[in-house]
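Start counting the sequence shown at 68; every next residue gets the next number (the numbering used here). Data first, discussion second: the structure below is written as structure tokens.
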Amino acid sequence: VQLQASGGGLVQPGGSLRLSCAASGSIFSIFVMSWYRQAPGKQRELVAVIGNGGSTDYADSVKGRFTISRDNAKNTVYLQMNSLKPEDTAVYFCNAASYSRGMDYWGKGTLVTVSS
């Protein structure tokens with residue numbers, strides 16, 4: 068499985084971006100899909116997760132501002148980011164996992180910079 072993230076860029080504080088992560092293969096629907104981020108000098112942290120049944124969970128720092136969704140027909144997971152803050156600046160990575168099957172895949176990151 069290959070994951071390709073896109074949609075990053077430079078945005079002003081208060082602005083919005085939508086990240087996409089497209090997966091190859093035909094088993095996308097079995098995966099729990101997650102977005103992580105890593106800011107300079109910091110550890111990678113979980114931002115949002117969506118189960119294969121559609122349940123979602125978020126880091127406290129993004130609750131109410133970010134929304135994760137998935138389109139199994141397009142093998143794609145999205146992260147809608149609103150009300151962006153400078154502290155959201157990071158490289159964002161998508162992850163596909165099925166731990167019961169021993170599967171764990173990472174895509175290359177996409178850089179999000181929030182600055183005026």
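Glycine included, C-beta positions come from ideal geometry on N, C-alpha and C.
Which of helix, strand or coil DSSP assigns to residue i
| i | result |
| --- | --- |
| PHE133 | strand |
| SER91 | coil |
| LYS109 | coil |
| LYS152 | coil |
| SER128 | coil |
| SER96 | helix |
Cβ-based burial, residue i [other Cβ within 10 Å; buried from 16]
| i | result |
| --- | --- |
| ALA115 | buried |
| GLY131 | exposed |
| THR123 | exposed |
Residue of the options minimising C-alpha distance to residue i
| i | options | result |
| --- | --- | --- |
| TYR125 | GLY108, ASP138, ARG104 and TRP173 | ARG104 |
Close beta carbons around residue i, own chain, < 7 Å, minus the five adjacent residues each side
| i | result |
| --- | --- |
| SER91 | VAL68 and GLN69 |
| GLY82 | LEU151 |
Close Cβ partners of residue i (< 8 Å) along its chain, the five nearest in sequence each way excluded
| i | result |
| --- | --- |
| GLU112 | TYR103, ARG104, GLN105 and ALA126 |
Residue i - containing beta strand (DSSP E), residue span
| i | result |
| --- | --- |
| TYR125 | 123-125 |
| ALA140 | Where ALA140 is concerned, there is no enclosing beta strand (DSSP E), given that its DSSP letter is neither H nor E. |
Close beta carbons around residue i, own chain, < 6 Å, minus the five adjacent residues each side
| i | result |
| --- | --- |
| GLY118 | VAL99 |
| LEU178 | GLY75 and VAL158 |
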